[in-house]
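*Asks:* Residue numbers (my numbering): -19 to 248. Cβ coordinates follow ideal geometry from the N, Cα and C atoms, glycine included.
Following this line, the structure appears as structure tokens:
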């Protein structure tokens, strides 16, 4: 292999980000998926650019991509997870809050990843050991911090665990308002921001997010940076915990986990 996996993840994410950046503000064709969800030509072309980079260097790896699905014969235990434009709804209306996510799952635990911000020229990346942000060719170690008290909460449906947790209910909790300030970025760029110390935490509902093209890169970044990463039930994310709770430190994680548990119906 002429290039390391983490360098390849960075190169692929940057290739996708270049496409996203170049098409910003242009007239985009929309391809409907489900009600309220669509892809654009920018999503499709960014994914094509990413896959071109990956296939040139790792032709025998499996790729699971947002728009084109699963390709490759596999057999070597290596799978790339690709989200070419996370934040399509933002992007389509001229909002620059987007990210391009590339992650490699190799074996049971090994993950390298890169999450590129097309509009700040930043790439958050990990080699599976430590986490960094690259800007202007310079890498800086990511350091989580809860100092801001800013918590990103994903309010996008579906809500598979709404019988025990609903983000909107948590936002109305007096305990949440006393301790935190909510933000809604509507892209998994916010997960990388927890690793970078720009957010205290991130919370979302969902199932099997560790293996999601949307979340795999952000989860890998946060784990390598030393964040506390679990499901919303406090279970390890690799054990299939529901949803995702990423916090900069144990104290913030414990406080949010308590608030989440307060959303469970009470039995009289």
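With which residues is residue 120 paired in a DSSP beta bridge?
*Replies:* For the purposes of this step, residue 120 is identified with residue 140 of the chain shown, where counting begins at 1. In the DSSP output, where bridge partners are listed per residue, residue 120 has 113.
*Asks:* Counting only the same chain and skipping the five closest in sequence on each side, list residues whose C-beta sits under 6 Å from that of residue 186.
*Replies:* Walking along the chain shown from the start, residue 186 turns up at place 206. Closer than 6 Å at the Cβ level, and outside the excluded window around residue 186, lie 223.
*Asks:* With DSSP collapsed to three states, give me the class of residue 81.
*Replies:* Mapped onto the chain shown, residue 81 falls at position 101. In this structure, residue 81 counts as strand in the three-state DSSP scheme.
*Asks:* What are the boundary residues of the alpha helix (DSSP H) that residue 18 is part of?
*Replies:* What you label residue 18 is simply residue 38 of the chain shown in a count that begins at 1. No alpha helix (DSSP H) contains residue 18, which is instead part of the beta strand (DSSP E) from 17 to 20.
*Asks:* How would you write the range of the alpha helix (DSSP H) that residue 230 sits in, first residue to last?
*Replies:* Translated into the one-based positions of the chain shown, residue 230 becomes position 250. Here the alpha helix (DSSP H) through residue 230 covers 230 to 241.
*Asks:* Have a look at residue 75 and residue 169 and give me their C-alpha separation to the nearest angstrom.
*Replies:* As a working note, residue 75 is residue 95 in the chain shown. As a working note, residue 169 is residue 189 in the chain shown. Rounded to whole angstroms, residue 75 to residue 169 spans 13 Å at the Cα level.
*Asks:* Taking DSSP as the reference, what is the three-state secondary structure of residue 207?
*Replies:* The sequence position of residue 207 within the chain shown is 227, counting from 1. Coil at residue 207, not helix or strand.
*Asks:* Let's see if you can read the secondary structure: which residues bound the beta strand (DSSP E) around residue 132?
*Replies:* Start at 1 with the first residue of the chain shown, and residue 132 comes out as number 152. Its beta strand (DSSP E) spans residues 130 to 133.
*Asks:* Only counting the same chain, and skipping five residues up and downstream in sequence, which positions put a Cβ closer than 8 Å to that of residue 146?
*Replies:* To locate residue 146, count along the chain shown from 1; it is residue 166. Excluding sequence neighbours, residue 146 sits near 139, 185, 243.
*Asks:* By DSSP's criteria, residue 12 is part of a beta bridge. Which residues make up the other side?
*Replies:* By 1-based counting over the chain shown, the position of residue 12 is 32. BP columns for residue 12 point to 18.
*Asks:* In its own chain, which residues sit with a C-beta less than 6 Å from the C-beta of residue 19, not counting the 5 before and 5 after it?
*Replies:* By 1-based counting over the chain shown, the position of residue 19 is 39. These residues qualify, in order along the chain: 11, 47.
*Asks:* Taking the straight line between their C-alpha atoms, what separation do you get for residue 108 and residue 227?
*Replies:* Along the chain shown, one-based indexing puts residue 108 at 128. Along the chain shown, one-based indexing puts residue 227 at 247. For residue 108 and residue 227, the distance between alpha carbons rounds to 18 Å.
*Asks:* Within a Cβ cutoff of 6 Å, which residues of the same chain sit near residue 77, ignoring the five residues on either side of it in sequence?
*Replies:* Within the chain shown, residue 77 is the residue found at index 97, counting from 1. So the list reads 67, 70, 165, 167, once near-sequence residues are dropped.
*Asks:* With H, G and I counted as helix, E and B as strand and the rest as coil, what does DSSP make of residue 179?
*Replies:* By one-based count along the chain shown, residue 179 stands at place 199. Reduced to three states, the DSSP call for residue 179 is coil.
*Asks:* Can the beta-carbon of residue 51 be found closer than 8 Å to that of residue 43?
*Replies:* On the chain shown, residue 51 is found 71 positions in, with the first residue counted as 1. On the chain shown, residue 43 is found 63 positions in, with the first residue counted as 1. Cβ distance < 8 Å, so residue 51 and residue 43 count as in contact.
*Asks:* Would you tell me roughly how many angstroms separate the C-alpha atoms of residue 162 and residue 173, rounded to the nearest one?
*Replies:* To locate residue 162, count along the chain shown from 1; it is residue 182. To locate residue 173, count along the chain shown from 1; it is residue 193. Cα-Cα distance, rounded: 14 Å.
*Asks:* Ignoring anything shorter than 3 residues or poking outside the region 35 to 70, list the beta strand (DSSP E) runs there in chain order.
*Replies:* You should have 42 to 45, 49 to 51, 58 to 66.
*Asks:* What are the boundary residues of the alpha helix (DSSP H) that includes residue 156?
*Replies:* Walking along the chain shown from the start, residue 156 turns up at place 176. That run of the alpha helix (DSSP H) goes 154 to 159.
*Asks:* So which of 24, 208, 183, 193 has the shortest CA-CA distance to residue 81?
*Replies:* Locating residue 81 in the chain shown gives position 101, where the first residue counts as 1. Checking every option, the nearest Cα to that of residue 81 belongs to 193.
*Asks:* Quick one: any contact between the region 110 to 125 and the region 23 to 34, if contact means 3 or more CB pairs under 8 Å?
*Replies:* In short, these stretches do not touch, since the Cβ pair count stays below three.
*Asks:* According to DSSP, what are the bridge partners of residue 251?
*Replies:* Because the chain is modelled from -19 through 248, residue 251 falls outside the range shown and cannot be assessed.
*Asks:* Per DSSP, what are the beta-bridge partners of residue 102 in this structure?
*Replies:* For the purposes of this step, residue 102 is identified with residue 122 of the chain shown, where counting begins at 1. 97, 115, per the DSSP bridge assignment.
*Asks:* Tell me whether residue -4 is buried or exposed, calling it buried when 16 or more other Cβ atoms sit within 10 Å of its Cβ.
*Replies:* Taking the chain shown and counting its residues from 1, one reaches residue -4 at position 16. Under this definition residue -4 is a buried residue.
*Asks:* CA-CA distance, residue 120 and residue 114?
*Replies:* Mapped onto the chain shown, residue 120 falls at position 140. Mapped onto the chain shown, residue 114 falls at position 134. Computed Cα separation, rounded: 6 Å.
*Asks:* Just to confirm before moving on: does the CB-CB distance between residue 225 and residue 210 stay below 8 Å?
*Replies:* Taking the first residue of the chain shown as 1, we reach residue 225 at position 245. Taking the first residue of the chain shown as 1, we reach residue 210 at position 230. The answer is yes: Cβ separation under 8 Å.
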